[in-house]
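Chemist: This structure is in structure tokens; I'll ask about it shortly.
There are 2 protein chains.
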Amino acid sequence: MSELGDALHLQQSGTGWTGELSDDWAIGEAINGGLLMTLATTATSRASESVGGHLDPLSFSGVFLSPGSAGPVRIEPRILRSGRSMTTAEVVVSQQVGGSDVERFRALVTLGDLDRYAEPVLKTVAAPDIPPPDKCLAATDAPPSTLTKSGFLKRFDARMDPATIGWALGEPSGQGEMRGWLRLADDAPIDAAALLLVLDAFPPVSFDLGSVGWVPTVEFTGYVRGIPAPGWLQLRLHTEHVAGGLLNEDCEVWDSTGRLVAHSRQLASARFAPTSVE
Amino acid sequence: MSELGDALHLQQSGTGWTGELSDDWAIGEAINGGLLMTLATTATSRASESVGGHLDPLSFSGVFLSPGSAGPVRIEPRILRSGRSMTTAEVVVSQQVGGSDVERFRALVTLGDLDRYAEPVLKTVAAPDIPPPDKCLAATDAPPSTLTKSGFLKRFDARMDPATIGWALGEPSGQGEMRGWLRLADDAPIDAAALLLVLDAFPPVSFDLGSVGWVPTVEFTGYVRGIPAPGWLQLRLHTEHVAGGLLNEDCEVWDSTGRLVAHSRQLASARFAPTSVE
Numbered sequence: 000m001s002e003l004g005d006a007l008h009l010q011q012s013g014t015g016w017t018g019e020l021s022d023d024w025a026i027g028e029a030i031n032g033g034l035l036m037t038l039a040t041t042a043t044s045r046a047s048e049s050v051g052g053h054l055d056p057l058s059f060s061g062v063f064l065s066p067g068s069a070g071p072v073r074i075e076p077r078i079l080r081s082g083r084s085m086t087t088a089e090v091v092v093s094q095q096v097g098g099s100d101v102e103r104f105r106a107l108v109t110l111g112d113l114d115r116y117a118e119p120v121l122k123t124v125a126a127p128d129i130p131p132p133d134k135c136l137a138a139t140d141a142p143p144s145t146l147t148k149s150g151f152l153k154r155f156d157a158r159m160d161p162a163t164i165g166w167a168l169g170e171p172s173g174q175g176e177m178r179g180w181l182r183l184a185d186d187a188p189i190d191a192a193a194l195l196l197v198l199d200a201f202p203p204v205s206f207d208l209g210s211v212g213w214v215p216t217v218e219f220t221g222y223v224r225g226i227p228a229p230g231w232l233q234l235r236l237h238t239e240h241v242a243g244g245l246l247n248e249d250c251e252v253w254d255s256t257g258r259l260v261a262h263s264r265q266l267a268s269a270r271f272a273p274t275s276v277e
Numbered sequence: 000m001s002e003l004g005d006a007l008h009l010q011q012s013g014t015g016w017t018g019e020l021s022d023d024w025a026i027g028e029a030i031n032g033g034l035l036m037t038l039a040t041t042a043t044s045r046a047s048e049s050v051g052g053h054l055d056p057l058s059f060s061g062v063f064l065s066p067g068s069a070g071p072v073r074i075e076p077r078i079l080r081s082g083r084s085m086t087t088a089e090v091v092v093s094q095q096v097g098g099s100d101v102e103r104f105r106a107l108v109t110l111g112d113l114d115r116y117a118e119p120v121l122k123t124v125a126a127p128d129i130p131p132p133d134k135c136l137a138a139t140d141a142p143p144s145t146l147t148k149s150g151f152l153k154r155f156d157a158r159m160d161p162a163t164i165g166w167a168l169g170e171p172s173g174q175g176e177m178r179g180w181l182r183l184a185d186d187a188p189i190d191a192a193a194l195l196l197v198l199d200a201f202p203p204v205s206f207d208l209g210s211v212g213w214v215p216t217v218e219f220t221g222y223v224r225g226i227p228a229p230g231w232l233q234l235r236l237h238t239e240h241v242a243g244g245l246l247n248e249d250c251e252v253w254d255s256t257g258r259l260v261a262h263s264r265q266l267a268s269a270r271f272a273p274t275s276v277e
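Just so you know, the protein sequences line up as chains A and B, in that order.
Position 83 of the first sequence, counted from 1, bears residue number 82 in numbering that gives the first Met the number 0, the numbering being contiguous throughout.
Position 109 of the second sequence, counted from 1, bears residue number 108 in numbering that gives the first Met the number 0, the numbering being contiguous throughout.
This is how it looks when you write it as structure tokens:
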């Protein structure tokens with residue numbers, strides 16, 4: 000069983016599912032949002048399957064309400080619409096805190112059949128040309144993490160394009176861009192639901208704009224366009240609009256055949272130290 | 000009272016609000032989705048205000064479940080989180096059909112204080128250079144609409160960049176791009192909530208890819224970045240990935256000062272006639 004498979008272990012419980020969140024997937028003081036999204040999507044797909052609905056996530060839009068913490072977690076999907084080509088659901092992820100149900104996030108998910116949308120490709124975004132993984136920098140080459148928890152970083156083999164890693168050496172480029180490669184540390188296969196984890200796995204682009212500190216996600220919308228072929232995934236993160244610390248972080252993911260398999264936009268609020276805006 | 004003001008008239012009713020949808024805002028067989036989103040956002044803002052929360056929409060993510068029709072409509076917002084700088088809510092829009100509640104759409108909304116995020120602008124997208132409104136083509140210059148209902152089109156003064164209007168003359172450019180200007184036909188002011196209407200007001204980019212027929216929105220995520228200055232709004236719609244008929248339509252809106260005031264991405268499913276993909 001892969002590390003991700005372990006993390007996605009779910010048990011049916013009443014109208015929903017229960018799982019267990021681990022600090023192995025924590026970054027800073029919270030369980031990584033992408034892991035929660037993949038967990039929620041996996042449960043939602045099962046709920047859909049149980050009513051004869053569709054299985055593959057096509058879109059996922061969520062709002063983060065409070066940070067996840069290690070311990071039991073409850074996932075409650077609810078089918079809103081069962082159509083001929085798509086199934087729409089809402090999913091709520093919550094944890095018990097001091098005897099009360101505390102919502103971690105809530106999302107709206109559209110499911111369908113990814114095979115149906117593979118062809119023809121009338122237009123697409125090509126992956127940028129970057130150095131191959133063995134010429135990119137691994138997380139182990141970076142300065143030690145100052146984060147209180149960073150188990151999350153050990154779950155991946157991430158290789159960053161040296162041109163977008165200046166921030167780790169105190170020299171952000173100011174472009175707000177991250178490029179690189181990703182696979183799971185145990186090289187387990189990435190399925191459609193796991194692409195949501197991938198979309199949230201890289202450092203925030205705000206680091207490349209001179210921001211310090213983690214950048215909590217306010218809202219995230221991801222789209223899955225295909226199940227990746229085996230091998231490295233290539234990522235590009237960028238931002239087009241940063242004002243008053245509020246930014247949208249866009250991410251594109253290509254598989255080893257060069258196919259765009261997922262993309263997303265998230266709204267996040269970053270803090271910029273005064274010197275970085277002069 | 001402006002036409003939009005009329006359409007957004009809401010009455011408090013129990014835990015929610017009621018309004019009235021009119022064919023004046025219909026396109027094809029449905030009430031325009033953007034109008035529903037603006038209505039929902041307006042009600043959500045009021046619900047937030049009533050609990051001391053924030054008023055301006057920052058993000059809006061919705062899934063469309065069934066088309067709206069002329070008649071009474073119910074909007075039910077629910078505050079999920081009341082934070083220091085943001086308030087998060089869910090909102091459900093439904094209509095009575097044959098005695099049952101039928102959900103039209105459901106959305107997750109983040110509200111905040113737009114003034115807080117105006118400055119500094121570290122990075123942004125500039126509006127493309129296009130001919131001024133008086134050199135662009137008005138809807139009245141276009142071939143008569145073949146849509147069964149098109150009251151919606153009369154609510155706006157839309158001027159399309161001639162370079163992106165070939166599709167109306169049977170010659171789509173294949174780029175999947177629309178550019179132009181927009182204001183309300185009665186030139187009423189556009190506030191933050193009304194920007195969601197604007198984001199969904201132009202023809203779908205799939206027309207410029209050779210698709211015929213309307214393109215129902217599956218999922219829509221919009222972001223408001225500022226309240227527009229008076230005057231024309233400039234729009235650019237484009238798509239970066241079209242595969243198997245599934246496409247993301249991106250929209251950017253700039254106000255008359257050149258400031259990016261809103262942007263969005265929606266997932267839609269288009270039908271492409273066989274000849275258009277040869």
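The beta carbon of each residue, even a glycine, is placed where N, CA and C say it ideally should be.
Start and end of the beta strand (DSSP E) containing ASP100/A?
Modeler: Counting along the chain, the beta strand (DSSP E) containing ASP100/A begins and ends at 99-111.
Chemist: Are there three or more Cβ pairs, one per stretch, closer than 8 Å when the region 62-69 of chain A is compared with the region 4-12 of chain A?
Modeler: With the cut-off at 8 Å, the region 62-69 of chain A and the region 4-12 of chain A do not touch.
Chemist: Taking C-beta pairs closer than 9 Å, name the residues in chain B that VAL120/A reaches, listed in chain order.
Modeler: Within chain B, the residues near VAL120/A are HIS240, VAL241, ALA242, GLY243.
Chemist: Whole angstroms is fine: what's the gap from GLN233/A's alpha carbon to ILE26/A's?
Modeler: Cα to Cα, the separation comes out at about 22 Å.
Chemist: Listed from N- to C-terminal order along the chain, which residues in the region 256-267 of chain A have their beta-carbon within a distance smaller than 8 Å of any beta-carbon of chain B?
Modeler: Of all residues in the region 256-267 of chain A, LEU259, HIS262, ARG264, LEU266 have a Cβ within less than 8 Å of some Cβ in chain B.
Chemist: Can you find a C-beta in chain B that's less than 8 Å from the C-beta of ARG235/A?
Modeler: It does not: the Cβ of ARG235/A has no partner Cβ on chain B nearer than 8 Å.
Chemist: Nearest-angstrom Cα distance between ASP190/B and ARG182/B?
Modeler: Each residue's Cα considered, the two are about 12 Å apart.
Chemist: Chain A partners of GLY175/B, CB-CB under 7 Å?
Modeler: LYS122, listed in chain order.
Chemist: Tell me which same chain residues have a C-beta within less than 7 Å of the C-beta of ARG158/B, skipping the five on either side of it?
Modeler: Same-chain partners within the cutoff: PRO132, CYS135, LEU136, ALA137, GLY179, TRP180.
Chemist: So with Cβ pairs under 8 Å, would you call THR220/B a contact of chain A?
Modeler: It does: the Cβ of THR220/B has a partner Cβ on chain A nearer than 8 Å.
Chemist: Can you tell which of PHE206/A, GLU251/A, GLY243/A has its C-alpha closest to the C-alpha of LEU195/A?
Modeler: For the residues PHE206/A, GLU251/A, GLY243/A, the minimum Cα distance to LEU195/A belongs to GLU251/A.
Chemist: Would you mind working out which of GLY18/B, GLY32/B, GLN265/B sits nearest TRP24/B, comparing C-alpha positions?
Modeler: Nearest option by C-alpha distance: GLY32/B.
Chemist: For VAL260/B, which residues in the same chain have their Cβ closer than 8 Å to its Cβ, ignoring the five residues on either side in sequence?
Modeler: Closer than 8 Å at Cβ, skipping near neighbours: LEU194, VAL223, ARG224, GLY225, ILE226, PRO227, LEU232, VAL252, TRP253, ASP254.
Chemist: Taking DSSP's pairing of strands, which residues face THR14/A in a bridge?
Modeler: Looking at the DSSP assignment, THR14/A forms no beta bridge with any residue, so it has no partner.
Chemist: Return the bridge partner residues of CYS250/B from the DSSP annotation.
Modeler: BP columns for CYS250/B point to LEU236/B, SER263/B.
Chemist: With DSSP as the reference, label PHE63/A as helix, strand or coil.
Modeler: Reduced to three states, the DSSP call for PHE63/A is strand.
Chemist: Whose CA, out of PRO215/A, GLY209/A, THR220/A, GLN94/A, lies closest to the CA of LEU198/A?
Modeler: Cα-wise, what sits closest to LEU198/A is THR220/A.
Chemist: Return the Cβ separation of GLN94/A and ARG73/A in integer angstroms, given the expectation that the two are a contact with Cβ distance under 8 Å.
Modeler: Contact holds; Cβ gap of about 7 Å.
Chemist: So GLY243/A packs on GLU118/B, CB below 8 Å; how close in whole Å?
Modeler: Right, the Cβ-Cβ distance comes to about 6 Å (below 8 Å), so this counts as a contact.
Chemist: Of the residues that make up the region 40-63 of chain A, which ones have a beta carbon closer than 8 Å to any beta carbon in chain B?
Modeler: Against chain B - using a Cβ distance shorter than 8 Å - the residues of the region 40-63 of chain A are LEU57, SER58, SER60, GLY61, VAL62.
Chemist: Return helix, strand or coil for GLU170/B, following the three-state DSSP convention.
Modeler: In this structure, GLU170/B counts as coil in the three-state DSSP scheme.
Chemist: Please decide whether GLU19/A counts as near chain B, where near means a Cβ-Cβ distance under 8 Å.
Modeler: No, because no Cβ of chain B sits closer than 8 Å to the Cβ of GLU19/A.
Chemist: 8 Å is my cut-off, CB to CB: does MET85/A come that close to chain B?
Modeler: Interface residue, yes.
Chemist: VAL217/B and SER58/A look like a contact to me (Cβ under 8 Å); what is the Cβ gap, rounded to whole Å?
Modeler: Contact holds; Cβ gap of about 7 Å.
Chemist: I'd like the list of long-range same chain contacts for TRP213/B, defined as Cβ closer than 8 Å, with 5 residues on each side in sequence excluded.
Modeler: Cβ within range, chain order: ILE26, GLY27, LEU146, PRO203.
Chemist: Counting only C-beta atoms, is THR109/A closer than 8 Å to chain B at any point?
Modeler: Cβ-Cβ to chain B under 8 Å: yes for THR109/A.
Chemist: From what residue to what residue does the alpha helix (DSSP H) around SER255/A run?
Modeler: No alpha helix (DSSP H) holds SER255/A; DSSP gives it neither H nor E.
Chemist: Suppose only complete runs of 3+ residues qualify. What are the beta strand (DSSP E) ranges in the region 204-236 of chain A, listed by chain order?
Modeler: Segments of the beta strand (DSSP E) lying fully in the region 204-236 of chain A: 216-223.
Chemist: Does ARG105/A have its Cβ less than 8 Å from a Cβ in chain B?
Modeler: Judged by the 8 Å Cβ criterion, ARG105/A is in contact with chain B.
Chemist: What are the uninterrupted segments assigned as beta strand (DSSP E) that are 3 or more residues long and contained completely in the region 111-139 of chain A, given in chain order?
Modeler: Counting whole runs of 3 or more residues, the region 111-139 of chain A contains the beta strand (DSSP E) stretches 120-122.
Chemist: Where GLU170/A and LEU110/A are concerned, what is the direct C-alpha to C-alpha distance, given to the nearest angstrom?
Modeler: So the two alpha carbons sit approximately 42 Å from each other.
Chemist: Under 7 Å, CB to CB, which of the residues in the region 197-218 of chain B have a partner in chain A?
Modeler: Listed by position, the residues of the region 197-218 of chain B near chain A (Cβ gap below 7 Å) are LEU208, VAL217, GLU218.
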